[in-house]
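One structure is given here, and the rest of the page talks about it.
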Amino acid sequence: MKIPTKSAAIAALAAAAVALSVGSAHAEAVTSEVAPGVQYTGNTATGAATLSTPLGSVTMQPGEFGIKDGEGRTVFGDNDIAAPNTAVADVVEVGTPAPAAAPGGDLLSDLNQSVAAAGPHMGMAMGLGAIGGTIVGATLGCPFGIVTGGMLVALPSAGTLTLPAAVAGCITGAVAVGALGASIGSVAVAIPVGLAAGAQKYNQLQAQRAAAAAAGTPAQAG
C-alpha cells in the first residue's frame with residue numbers, strides 16, 4: 000500500500016528527527032518492551048532505531064527508513080537498511096525499580112543525566128511511532144473513508160457510492176486517519192521508551208558509583 004502524500008510527509012519529518020539525535024553526548028543502546036510483542040531498539044551513537052511488532056517492523060536511520068513485513072521482506076522504503084547494533088544494550092522494562100542512590104552520589108546530577116540520555120531515544124521513538132501510526136491509520140482510514148463517502152461522519156446512500164466517490168473516500172480517510180495515527184503512535188511509543196532509557200542511564204550511574212565506592216575511588220560522571 001502506498002502511503003498518502005500528507006502521511007509520507009509526516010514520515011519524512013520523523014526520519015529527519017533521527018538525524019538530530021546522532022552525536023549525542025549520551026550515546027547508548029537501549030532495548031525496551033513498549034507493549035506486549037512490541038519492542039523498541041535504538042542506538043544514539045549511529046542514530047538507528049527499530050520498532051518491531053508481530054506484523055512487521057520499521058527501521059530508521061539518518062535520512063532513510065524501511066518498513067518490513069512479518070517475514071522480513073521490505074514493503075516500503077530502503078531495502079538495505081539495517082537494524083541498529085545493540086550488542087551492548089540492556090533490556091529495560093518500564094516499571095523496573097531503580098536501585099537506591101549509591102553512597103556519595105549526586106542525585107540531582109544523576110537525574111539530569113538520565114533525562115538527557117532519554118531525550119534522543121524519545122526523538123527516535125517518536126519518529127518510529129509516527130511512521131507506524133501513519134501506516135495503521137491509513138490502512139484503517141481507507142475503508143472507513145469508502146463507506147462514509149469521504150465524509151468520515153455518516154454513511155452515504157447506495158446511489159452516491161460510485162467508484163470515483165469510493166476512491167476519493169479512500170484517499171480522504173487514509174490521509175485523515177493516517178495523520179491521527181501518526182500523532183497517537185508517536186506519543187504511545189515515545190513515552191515508554193523515554194522512561195526505559197532514563198531508567199537505564201540512572202541504573203548505570205548508580206552501579207558505577209557503587210562500584211567506585213566499593214573500590215575506594217571516585218566515580219566518573221556520565
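Counting from 0, one number per residue, gives the positions in the sequence shown under numbering that gives the first Met the number 0.
Ideal placement from N, C-alpha and C gives every residue a C-beta, glycine not left out.
Q: Under 6 Å Cβ to Cβ from alanine 210, same chain only, skipping five residues before and after it: list those, please.
A: none
Q: Mark arginine 208 as exposed unless 16 or more other C-beta atoms lie within 10 angstroms of its C-beta, in which case mark it buried.
A: buried
Q: Whole angstroms is fine: what's the gap from threonine 171's alpha carbon to glycine 144's?
A: 6 Å
Q: Below 8 Å CB to CB, which residues in the same chain sit around valine 114 once its five sequence neighbours on both sides are set aside?
A: Gly197
Q: Tell me whether leucine 204 is buried or exposed, calling it buried when 16 or more other Cβ atoms sit within 10 Å of its Cβ.
A: buried
**Q.** Neighbourhood of alanine 124 by C-beta distance below 6 Å, restricted to the same chain and skipping five residues each side
**A.** Shown here for alanine 124: same chain residues with a beta carbon closer than 6 Å to its own, the five before and five after excluded, namely Tyr39, Val188, Ala189, Val192 in chain order.
Q | Cβ-based burial, serine 108 [other Cβ within 10 Å; buried from 16] | A | exposed
Q: Would you mind sorting leucine 50 into buried or exposed? The rule is 16 or more other CB atoms within 10 Å of its CB.
A: buried
Q. Any contact of the stretch 55 to 67 with the stretch 135 to 144, i.e. 3+ C-beta pairs under 8 Å?
A. no
Q.
So for asparagine 202, helix, strand or coil by DSSP?
A. helix
Q) Between valine 166 and threonine 133, what straight-line distance do the alpha-carbon atoms span, to the nearest angstrom? A) For valine 166 and threonine 133, the distance between alpha carbons rounds to 19 Å.
**Q.** Alpha-carbon spacing of alanine 175 relative to glutamine 112, whole angstroms
**A.** Distance between alanine 175 and glutamine 112, taken at the CA atoms: about 39 Å.
Q | beta strand (DSSP E) runs contained entirely in the stretch 22 to 49, provided each spans 3 or more residues | A | 28 to 34, 37 to 42
**Q.** Min CB distance histidine 120 to chain D below 8 Å
**A.** Structure shown: chain D not included; a single protein chain is present.
Q) Using the C-alpha atoms, what's the distance from asparagine 42 back to proline 83? A) Using only the alpha carbons, I get a separation of about 6 Å.
Q. What number of angstroms, rounded off, separates the C-alpha of leucine 127 from the C-alpha of isoleucine 183?
A. 12 Å
Q: Taking aspartate 109 as part of the beta strand (DSSP E), name the residues at either end of that continuous run.
A: That residue, aspartate 109, is in no beta strand (DSSP E); its alpha helix (DSSP H) goes 106 to 146.
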